[in-house]
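Going line by line, the protein sequences match chains A and B.
For what it's worth, this note's numbering labels the leading residue of the first sequence as 332, then goes sequentially.
For what it's worth, this note's numbering labels the leading residue of the second sequence as 46, then goes sequentially.
Note that the Cβ used here is the ideal one computed from N, Cα and C, for glycine as well.
Reading through the structure tokens given below for one structure.
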Amino acid sequence: MFDFLKWPETASTVAGQIDFVFNVLNAVTIFFTLLVVACVIYFVCKYRRGVKADRSNAPDEGLAIELTWTIVPGIICVFLFGLATYVYLQVVRTPAGAMEIYVVGKQWMWKVQHPEGRWAMNELHVPVGRKVKLTMISEDVIHSFFIPAFRVKQDVLPGRFSTLWFEATKVGQYHLFCAEYCGTKHSGMVGTVHVMEPADYEKWLSEGNAKDSMAARGEKLFRELGCGGCHGPGASVRAPMLNGLYNKPVPIQLPDGSTKVITADARYIMDSILLPEQEIAGGYKPIMPTFKNQINQEETLLLTEYIKSLGTANGSRNSAAAEPAMPGVAASENTTLASPSTSRPVNEPLAGATQKRDNGVPRSR
Amino acid sequence: MEFKENRPSGAHDPVADNGQSAMARSTAELEQEFPKRHYLNSGYGVKSWLFTLDHKRIAILYLLSITAYFFLGGLAALVVRLNLLTPYSTFVRPEIYNRAFTMHGVMMVFFFLIPAIPAVLGNFLVPLMLGTKDLAFPKLNLLSWYLLVVGATLALLAMLVGGVDTGWTFYAPYSSIYANGYVVLTALGIFLAGFSSILTGLNFIITVHKMRAPGLTWFRLPLFIWSIYATSLIQVLATPVLAITILLLAVETIFKVGIFEPKLGGDPVLFQHLFWFYSHPAVYIMLLPGMAVMSELITCYSRKPIFGYKFVAFASLGIAVISFLVWGHHMFVSGQSPYAGIVFSFLSFLVAIPSAIKVFNWTATLYKGSIRLDAPMIYALCFIGLFLIGGLTGLYLASIAVDLHVTDTYFVVAHFHYVMVGATVSAFMGGIHFWWPKMTGRLYSDVWARVAAITLFVGFNLTFFPQFILGYQGMPRRYAIYAPEFQVLNVMSTAGATIMALGYLLPFFYLLSSLRNGKVAGPNPWRATGLEWQTSSPPTTFNFDTIPIVKVGPYAYNPAADEAEDARLELIETEKKLIEARNNLAVERASGDGLKKEDLDS
Numbered sequence: 332m333f334d335f336l337k338w339p340e341t342a343s344t345v346a347g348q349i350d351f352v353f354n355v356l357n358a359v360t361i362f363f364t365l366l367v368v369a370c371v372i373y374f375v376c377k378y379r380r381g382v383k384a385d386r387s388n389a390p391d392e393g394l395a396i397e398l399t400w401t402i403v404p405g406i407i408c409v410f411l412f413g414l415a416t417y418v419y420l421q422v423v424r425t426p427a428g429a430m431e432i433y434v435v436g437k438q439w440m441w442k443v444q445h446p447e448g449r450w451a452m453n454e455l456h457v458p459v460g461r462k463v464k465l466t467m468i469s470e471d472v473i474h475s476f477f478i479p480a481f482r483v484k485q486d487v488l489p490g491r492f493s494t495l496w497f498e499a500t501k502v503g504q505y506h507l508f509c510a511e512y513c514g515t516k517h518s519g520m521v522g523t524v525h526v527m528e529p530a531d532y533e534k535w536l537s538e539g540n541a542k543d544s545m546a547a548r549g550e551k552l553f554r555e556l557g558c559g560g561c562h563g564p565g566a567s568v569r570a571p572m573l574n575g576l577y578n579k580p581v582p583i584q585l586p587d588g589s590t591k592v593i594t595a596d597a598r599y600i601m602d603s604i605l606l607p608e609q610e611i612a613g614g615y616k617p618i619m620p621t622f623k624n625q626i627n628q629e630e631t632l633l634l635t636e637y638i639k640s641l642g643t644a645n646g647s648r649n650s651a652a653a654e655p656a657m658p659g660v661a662a663s664e665n666t667t668l669a670s671p672s673t674s675r676p677v678n679e680p681l682a683g684a685t686q687k688r689d690n691g692v693p694r695s696r
Numbered sequence: 046m047e048f049k050e051n052r053p054s055g056a057h058d059p060v061a062d063n064g065q066s067a068m069a070r071s072t073a074e075l076e077q078e079f080p081k082r083h084y085l086n087s088g089y090g091v092k093s094w095l096f097t098l099d100h101k102r103i104a105i106l107y108l109l110s111i112t113a114y115f116f117l118g119g120l121a122a123l124v125v126r127l128n129l130l131t132p133y134s135t136f137v138r139p140e141i142y143n144r145a146f147t148m149h150g151v152m153m154v155f156f157f158l159i160p161a162i163p164a165v166l167g168n169f170l171v172p173l174m175l176g177t178k179d180l181a182f183p184k185l186n187l188l189s190w191y192l193l194v195v196g197a198t199l200a201l202l203a204m205l206v207g208g209v210d211t212g213w214t215f216y217a218p219y220s221s222i223y224a225n226g227y228v229v230l231t232a233l234g235i236f237l238a239g240f241s242s243i244l245t246g247l248n249f250i251i252t253v254h255k256m257r258a259p260g261l262t263w264f265r266l267p268l269f270i271w272s273i274y275a276t277s278l279i280q281v282l283a284t285p286v287l288a289i290t291i292l293l294l295a296v297e298t299i300f301k302v303g304i305f306e307p308k309l310g311g312d313p314v315l316f317q318h319l320f321w322f323y324s325h326p327a328v329y330i331m332l333l334p335g336m337a338v339m340s341e342l343i344t345c346y347s348r349k350p351i352f353g354y355k356f357v358a359f360a361s362l363g364i365a366v367i368s369f370l371v372w373g374h375h376m377f378v379s380g381q382s383p384y385a386g387i388v389f390s391f392l393s394f395l396v397a398i399p400s401a402i403k404v405f406n407w408t409a410t411l412y413k414g415s416i417r418l419d420a421p422m423i424y425a426l427c428f429i430g431l432f433l434i435g436g437l438t439g440l441y442l443a444s445i446a447v448d449l450h451v452t453d454t455y456f457v458v459a460h461f462h463y464v465m466v467g468a469t470v471s472a473f474m475g476g477i478h479f480w481w482p483k484m485t486g487r488l489y490s491d492v493w494a495r496v497a498a499i500t501l502f503v504g505f506n507l508t509f510f511p512q513f514i515l516g517y518q519g520m521p522r523r524y525a526i527y528a529p530e531f532q533v534l535n536v537m538s539t540a541g542a543t544i545m546a547l548g549y550l551l552p553f554f555y556l557l558s559s560l561r562n563g564k565v566a567g568p569n570p571w572r573a574t575g576l577e578w579q580t581s582s583p584p585t586t587f588n589f590d591t592i593p594i595v596k597v598g599p600y601a602y603n604p605a606a607d608e609a610e611d612a613r614l615e616l617i618e619t620e621k622k623l624i625e626a627r628n629n630l631a632v633e634r635a636s637g638d639g640l641k642k643e644d645l646d647s
């Protein structure tokens, strides 16, 4: 009968921790609400006009009590802040070894792309008990990927990657919502998260619309776009080799001439494709053209996945072993997409791929 | 405080007033004489209002206009709540629903809540409380009202021709590139309303600095003035950022210059930083004036000075300062740096401290008071209850870990309605009831007013408390269609909204009826101490016949003096009875002489 008051499903490793913080806050809130309401009611009854009571020496100031109710709430606030931040740090740091899934948000659907090749609309399939990292991007406006049962939410922005990780703990089906208002059918941008037994998940991956893996499709696209003309072995133009690039520290030249070392993560690779003039690999000339209007977000992901599959210098495929401590930092704050280059060397003779494919006409999505 | 006798001339002189009448009149009746000369009858006709420079008349203009905007915003809320009765958006299509909640937000935030207390009560009371005849810049004050009205008209025009579906937050790049409807027109309306707000704040700041009555030192100011002053600082410093943000949005929308849209080279998170840099302090533009009213109500109805005057005063300034440093807590999941998030989280927790200080001091003021539960006091007590819940749930949203889950859900909707509607509008209603006799010279029905206050409190809680649960269960905000398991709580919410609407409609009837039938209030019906009560009700155009000289602090309530006053009133009551008895006797005698009572009356 009181189903509508039901506690939401708790189906991820962090859900319990977040519920714990929530309950501590509930305790603090209920305590202070009752305390103040009780005092108010007591005073109103006791000192109601016409009721006989001792009203002598009514105080109108008191340093000791003022300090008490300044310092005590202060301490409680610092404690709550510490607790919530401690839990937050567990939630925000992507742990090592998480399997990756890509999500593209667009008005008004979620496209979920698994590296192995299978994709789904508005359905996220994940194995139970495994850490999953979502790398998400939007094709249009800001969306927000929200799974209440997991207590996780992350805005999905156009033009930059956001990441989100979780580990599901309970097999079942859960709501997937878009939580950032995104237009007419915002409330229709919903879906289902299927948490499956690992064996079922593997089976699911190989069925249905499973095609080539993302990396394989990325490789095909890489060839089609003619990227190898510069980035392949024996290329006539000097461009960075991509073998073993992923997650390796690379030196880059900043526009002001100084250099800095960053990790070649998904964000860096995507930006290098779309905004190549932003971060020039150390020792190379800024000659790469942008692919911004020629490939869509999904194709960027395919290329990224392909470059990732090229493995590390020692040949092994490097998954998420060396994630930055806080992916959010890399994924957002270092990204400055706001200043398109005005001095792009458009006449450099390496845009052959572009010409071959599109004759210079931007592809429509 | 000491003042010169300032009653309307003749009120104390029965001979001059009504000496010819055969019927004697009691002192009490004479005290309740409606003044002959006051700001409401200083001129008649539309022109006398539209070109008035009198801060009190401008306050009335504001009151009329924001009441209209409140009702328009309320109608939009009605569409929203009716549509949410079922999970399938049966009442209107999602396109209309999106426009309805946008209109609700825009109307309520920019055209009702922000001007509500400062522009109506502030405008009316700041000069009265300072013992001066007007604000520093009366023409600027009138301009502020025109800006608000023109702004609201543009926004309404946009609604009429097709509406906007961005939500009141106008997040880019949705609003600049993808939205339906008339974003730029609405934004222009808000831009103008912003300048109304800036000019009002500027006017108050200068008035408080330069135009206080002799002897009215900073620490003798009523706490109302302290809070309004803190509000004005935020208005002047934060609102220009809103204007800049709107301008940038318009530039991107019209000229397709990349500012927020990544495809044009912009940054979508930049909009949120700019928007919340204004809109978080704006929450305190709405809340601080509510706190301003509270300090006046609690003291008057407890018949006591405020507990911890300086703490309450500096808490207002503290809230104003910290309010500028917490905007990032709206953006924990938006893609800002986690380190920035942690700093914003800490600063957001800090706001809780001055807010707690205020609540504790109001509560302590009740201790050993002599408490009357008149309607304004009921509103004030409702404020405490609703602000407690609204404020404490703010801690949940300041805790990043919990915010990850509840942000952009109904939990947030419930939280800010508790603060901005529950607390602020309760204070606004309390203030309107408290100063109604001052504004109109009439008393309303206290019984009906208490009924309305309690109806509002019950309706409000029934509307918004279920939304906390909905939010934690995961229902996102701005959903026209929702999962069926959320329906029961949504129905409760809509039912509550109906009760709440009743609580808002009731005052219309008894307040308007008081204008015609209400008892004459007299200068100081609540026996309050503020300077505004030392002049006639309604006051004359220039407020005071002689500038008052202030010798003591505010809230010099004195229960002993109250007792003396009670004794005096009792005497008057006895006098009344005696006079009545004498008159009856006269009538009897007259009829004994063969005369009718009517003859005697004439």
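With a cutoff of 8 Å on beta-carbon distance, Tyr637/A and Ala546/A are scored as near each other. In this structure, DSSP gives Ile416/B an extended state, which the three-state scheme calls strand. Separation of the CB atoms of Pro593/B and Ala181/B is rounded to 18 Å, and the pair is thereby denied contact status at 8 Å. Val228/B counts as buried, since at least 16 other C-beta atoms from the protein chains shown sit within 10 angstroms of its C-beta. From the listed residues Ile372/A, Asn354/A, Cys408/A, Val367/A, the smallest Cα separation to Phe391/B is found for Cys408/A. Under the DSSP assignment, Trp493/B falls in the alpha helix (DSSP H) whose first and last residues are 491-518.
When Cβ-Cβ separations below 8 Å define contact, Val125/B makes no contact with chain A.
Residue contact with chain A for Gln518/B: present (Cβ-Cβ distance below 8 Å to some residue of chain A). Look at the segment 440-465 of chain A: it has no residue with a C-beta under 9 Å from a C-beta of chain B.
Of the other Cβ atoms in all chains shown, 16 or more fall within 10 Å of the Cβ of Lys464/A; this residue is therefore buried. Taking Phe505/B as the centre and dropping the five residues before and after it, the same chain places the C-beta of Gly467, Met545 closer than 6 Å to its C-beta, in chain order. The beta carbon of Gln381/B lies closer than 7 Å to those of Val314, Gly373 in the same chain, with the five residues before and after it left out.
At a Cβ-Cβ threshold of 8 Å, Pro421/B and Phe356/B do not count as neighbours. Between Leu185/B and Asn248/B, the CB-CB gap stays under 8 Å. Listed in chain order, the positions of the segment 574-605 of chain A with a beta carbon within less than 8 Å of a beta carbon of chain B would be empty, since no residue qualifies. In the DSSP assignment, Phe363/A falls within the unbroken alpha helix (DSSP H) covering 344-377. The segment 301-316 of chain B makes no contact with the segment 228-238 of chain B, as fewer than three CB pairs between them are under 8 Å. Sorting Val464/B, Thr344/B, Asp448/B by C-alpha distance to the C-alpha of Thr408/B places Thr344/B at the top. DSSP places Ser361/B inside the alpha helix (DSSP H), whose first and last residues are 354-367.
Taken in chain order, the complete beta strand (DSSP E) segments of 3 or more residues contained in the segment 455-497 of chain A are 462-469, 474-478, 483-487. For the pair Met527/A and Glu470/A, the Cα-to-Cα distance works out to about 28 Å. Proximity to Trp321/B across Val565/B, Phe215/B, Phe269/B peaks at Phe215/B, based on C-alpha coordinates. In the DSSP assignment, Arg487/B forms a beta bridge with Val565/B.
Contacts with chain B at 8 Å (Cβ-Cβ) include Pro339/A. Distance from the CA atom of Val194/B to the CA atom of Phe236/B, rounded to whole angstroms, is 12 Å. Close to Asp471/A, with beta-carbon spacing below 7 Å, are these residues of chain B in chain order: Tyr223. When secondary structure is reduced to three states using DSSP, Trp321/B falls in the helix class. Close to Asp486/A, with beta-carbon spacing below 8 Å, are these residues of chain B in chain order: Val378, Ser379, Gly380. Excluding residues up to 5 positions away in sequence, Ala497 lie with their Cβ nearer than 6 Å to the Cβ of Leu551/B in the same chain. Secondary structure of Gln532/B (DSSP, three-state): helix. As DSSP reads the structure, Lys101/B sits in no beta bridge. A straight-line Cα-Cα distance of about 12 Å links Val434/A and Glu630/A. DSSP places Val524/A within a strand segment (E or B) once states are collapsed to three. Bridge partners of Ala451/A according to DSSP: Val443/A.
Residue pairing from DSSP places Val209/B in a beta bridge opposite Gly226/B. Taking a beta-carbon distance threshold of 8 Å, Trp496/A does not count as an interface residue toward chain B.
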